[in-house]
Every structure is written in C-alpha cells, then in structure tokens.
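Protein chains in written order, with our numbering: chain U, 18 to 134; chain R, 255 to 368. Backbone N, C-alpha and C define an ideal beta-carbon position, used for all residues, glycine too. For clarity, every value in this text was computed on a predicted model and none was experimentally measured. Below is one structure, written out as structure tokens; the observations come after it.
Here it is in structure tokens:
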C-alpha cells in the first residue's frame, strides 16, 4: 500500500516571503499522480496543484510550484510571495494510475501553514 | 453548478443511534468517495464507488455502510454510532481514471457522537 508522509506538522512564513512544504511518498508503481490540496478554516478542500509522475517538468500554478523528484519519491510545494490568504492546512496526496485503484487518494497528515503579516 | 453537496453540515448523535449522511453530485462523475478527517489529521478513505451498483472498502470501513443506486447519490450509513466515529466526513467525486482529473469535495459534515 502507498503511504504519504508530511514531516512538517507546522510551518510559518512572513508575508511576501517564500516557503517550501515537504512531502515524501512510498510506492512501487511507476505511473501515478500527485496533488497538493489546501484546507482553510472553512474546511473546504481546494486543489492547489497536480503532477503526473511520467512528466519530468515540474508543475506551476501562478505562485505555487512543485519540486518533483521521482527517484527520491519527493514532491515538495513552494509558495512564492506568500499572502495572508495562503494560511491553511496543506495536504499532499497520491493517486495510482492503475484501473483497479478506483482513483482513490492517499493523503498525508498535513502541514499547518501560518502567514505572518 | 452545485458540484458535490453534503447534508447535513452538522449533527450530534447519541451512542447507538443510526443516521445517513447524504451526498449528491451533479457533474455526472462515475467515481465517488467517502473520507473521514479526525482533528489535526489527514483524510482517510472509508468507502468508494466506481459506478452505480459498485462499491468497495477503503482504509477504515468498519462501522459504516454505503450504497450507490444512482450515479448522482452516494449515501453513507452509520448503523450504531460510537464515540470513535466523531469526525468530519467528506464526500468527493471524480470523472475518471487515467487522467489528472482531480477529486471534487463537498463542504463536509461535522458529526459528534456523545
């Protein structure tokens, strides 16, 4: 079974600065997808960014980018020019590409990000 | 476009009571999921469905049941509520496998068992 580990329960960053959230995963599969979700206090789960394992190019969405290291099974999230609205719990998630997996997500434990003004 | 709708948003149950958490989606997604999120933790999969009439267990299925009679609806049933089932429950849906299609989440149901 796949596992996802987020080793930083809490992180903080100054407004306008850059912060990197770590995520590692364990899998024996070669084809899969990785996601970062954001959960603000409103409890909504909001997709931040996604990455296909067979693509070497790191995904980017505006101020959010990832550093995907397939050999190291690492998928970190970088937030540039941090804003107060970025404060939230961030979850890393893994999804197998196998048909029999049902596209189910395996989540890490989350990293609580605080943005200081 | 409503997306994934969960009802109720909050509920308090007594130990031993039963209830059904409702989930409906209007995106014609074939895959649907139920997760639970305990305080300060990540989401854990309870049950999922790949289409009407097909369901399967996730990581933490004990104490729960599901059914999928239509594409739109995926209710979660608690038969004998226990304090360990106090959690926030999320329903989600997605379009298909083999793509980057993300899961779309409902707003969650906060359930307390006293």
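Same chain only: Cβ atoms within 8 Å of residue i, ignoring 5 sequence neighbours per side
i                      : result
residue 263 of chain R : 361, 362, 363, 364
residue 368 of chain R : 266, 267, 268, 269, 337
Backbone secondary structure at residue i - three-state DSSP
i                      : result
residue 117 of chain U : helix
residue 24 of chain U  : coil
residue 368 of chain R : coil
residue 341 of chain R : strand
residue 98 of chain U  : coil
residue 292 of chain R : coil
Contact with chain U by residue i, beta-carbon distance below 8 Å
i                      : result
residue 301 of chain R : no
residue 343 of chain R : no
residue 356 of chain R : yes
residue 297 of chain R : yes
residue 361 of chain R : yes
residue 304 of chain R : yes
residue 312 of chain R : yes
residue 318 of chain R : no
residue 348 of chain R : yes
Enclosing beta strand (DSSP E) for residue i [first to last residue]
i                      : result
residue 324 of chain R : First-last for residue 324 of chain R: undefined, no H or E at that position.
residue 308 of chain R : 308 to 311
residue 69 of chain U  : 63 to 69
residue 55 of chain U  : 49 to 56
residue 43 of chain U  : 41 to 43
residue 265 of chain R : 264 to 267
residue 260 of chain R : 258 to 261
residue 87 of chain U  : No beta strand (DSSP E) contains residue 87 of chain U, which DSSP labels as neither H nor E.
residue 273 of chain R : 273 to 279
residue 319 of chain R : 318 to 320
residue 298 of chain R : 297 to 305
residue 130 of chain U : 128 to 133
residue 354 of chain R : Segment: none, residue 354 of chain R is in no beta strand (DSSP E) and carries neither H nor E.
residue 35 of chain U  : From DSSP, residue 35 of chain U is part of no beta strand (DSSP E); its letter is neither H nor E.
residue 122 of chain U : 122 to 124
Proximity to residue i [Cα-Cα], best of the options
i                      : options                    : result
residue 84 of chain U  : U/103, U/62, U/109, U/48   : U/109
residue 349 of chain R : R/315, R/339, R/326, R/318 : R/326
residue 44 of chain U  : U/31, U/70, U/37, U/36     : U/70
residue 346 of chain R : U/26, U/56, U/62           : U/62
residue 55 of chain U  : U/118, U/24, U/66, U/49    : U/66
residue 282 of chain R : R/306, R/289, R/367        : R/306
residue 286 of chain R : U/131, U/120, U/89         : U/120
residue 328 of chain R : R/303, R/339, R/291, R/272 : R/303
Closer than 8 Å to chain R by CB, residue i
i                     : result
residue 50 of chain U : yes
residue 80 of chain U : no
residue 31 of chain U : no
residue 39 of chain U : no
residue 62 of chain U : yes
6 Å Cβ shell around residue i - same chain, five flanking residues per side excluded
i                      : result
residue 331 of chain R : 274, 319
residue 308 of chain R : none
residue 128 of chain U : 23, 25, 28, 38, 107
Residues near residue i by beta carbon distance below 7 Å, same chain, minus five either side
i                      : result
residue 134 of chain U : 32, 101
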